[in-house]
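Undergrad:
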Amino acid sequence: MRKETIIRGVNMVYDDLGTGDVILLIHGQPFNRSMWNDQKDLLLKNYRLIIPDLRGYGESGITEGMVLLDELALDLIHLLDQLRIGRAIVIGLSMGGQIALEMYRWQPGLFKGIVLADTDARAEDEKGYQNRLALSAKILRDGMERFTDERIRHFMCTNTFENKPEVTARVSYMMKTTNPAGSAAVQRGRAERLDYTPLLEKIDFPALIVVGDQDEFTPVECATYMHERIKNSTLAVLANSGHIANMEQPDEFNKTLEKFLLSLNGYTIAVL
């Protein structure tokens with residue numbers, strides 16, 4: 031069911047579906063909650079799903095200027111608190127994975143498990159920092175349609191781009207309909223993100239790390255880096271996939287996710 035509420039002064043739209051243990055699904059940038067559509071049927075069999083549009087994306091309200099990742103993380107913590115949800119499995123892709131780690135920094139006891147897909151735990155280096163600032167300015171200047179036309183090819187692998195027009199069309203629509211001011215504000219905020227490396231070795235609940243074998247933005251090395259530092263983690267590299275593994279290879283992503291979720295049954299979680 032589509033719902034909306036005010037979180038920290040900003041309107042947030044989200045889906046609240048199903049019953050059972052809670053899974054929070056956090057979309058990447060510059061997408062929206064519809065990027066998880068291919069996972070809904072699988073997850074709704076056994077779980078309650080909370081799928082928000084982040085501040086600045088989809089149907090949710092925007093904040094212009096700069097939006098830091100801790101603001102996005104606190105939005106979600108407040109949403110779960112408003113819904114009286116004390117524990118959740120948190121799944122995030124790309125920026126969504128970084129927000130998940132930021133949530134862990136604020137409220138580690140919330141987590142029953144975590145899935146980090148096509149993401150990187152490290153802060154931007156100087157080149158990445160400057161690139162994000164330049165990208166933010168470009169989005170404001172040229173708009174999301176031009177940004178999409180110039181950049182969409184890099185979000186997915188060649189096989190997806192050339193042979194899966196329905197996936198390309200979905201990704202293009204999400205990108206082109208994103209509010210430029212909202213996207214630019216979050217781009218600036220991501221430039222300022224923390225290095226989450228010190229958190230990784232503290233995670234003592236199950237973690238699944240997923241990456242596409244042809245991910246240009248956060249390649250396999252980024253996933254391996256996290257896997258080597260999270261004690262109870264599983265690494266899955268999906269073939270013929272770029273930066274949006276859950277959309278490019280939904281069947282393989284779902285099989286991997288289902289296996290991980292089954293492994294959580296009966297797992298005793300220490301409250302951190």
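Quick note, the sequence shown lines up with residues 31 to 302 if you use my numbering.
Heads up, the beta-carbon is just placed ideally off N, CA and C, and yes, glycines get one too.
#1: Alpha carbon to alpha carbon, how far is Ser90 from Ile119? Give it in angstroms, no decimals.
#2: Under a three-way DSSP split, which group does Asp46 fall into?
#3: Could you give the residue range of the alpha helix (DSSP H) that holds Ala359?
#4: Tell me, which residues are paired with Tyr87 by DSSP?
#5: Using a Cβ-Cβ cutoff of less than 7 Å, which residues in the same chain neighbour Ala214 once the five nearest sequence positions on both sides are dropped?
#6: Starting from Lys70 and walking both ways along the alpha helix (DSSP H), at which residues does that stretch end?
#7: With DSSP as the reference, label Leu23 as helix, strand or coil.
#8: I'd like the span of the beta strand (DSSP E) that includes Pro82, first residue to last.
#9: Considering only C-alpha positions, which residue in the set Glu231, Lys285, Arg218, Leu54 is nearest to Arg117?
#10: Among Asp46, Met65, Leu47, which one has its Cα closest to the Cα of Met196?
#11: Would you mind working out which of Gly122, Thr208, Arg220 sits nearest Leu98, comparing C-alpha positions?
#12: Between which two residues does the beta strand (DSSP E) carrying Ala266 extend?
#13: Note down, in chain order, each residue of its chain lying with its Cβ closer than 6 Å to the Cβ of Gln244, except the 5 sequence neighbours on either side.
#14: May I ask you to report which of helix, strand or coil DSSP gives Val197?
TA: Judging by the given coordinates:
#1: 22 Å
#2: strand
#3: Missing from the structure shown is residue 359; the chain here goes from 31 to 302 and no further.
#4: DSSP lists no partner for Tyr87.
#5: Ser166, Ile169, Leu170
#6: 67–73 is the extent of the alpha helix (DSSP H) around Lys70.
#7: Past the boundaries of the shown model lies residue 23; the chain is included only from 31 to 302, so the question cannot be answered.
#8: 77–82
#9: Cα-wise, what sits closest to Arg117 is Leu54.
#10: Per the sequence presented here, residue 196 reads as Glu, with Met not at that position. Among Asp46, Met65, Leu47, the Cα nearest to that of Glu196 is on Met65.
#11: Arg220
#12: 263–268
#13: Cys187, Gly272
#14: helix
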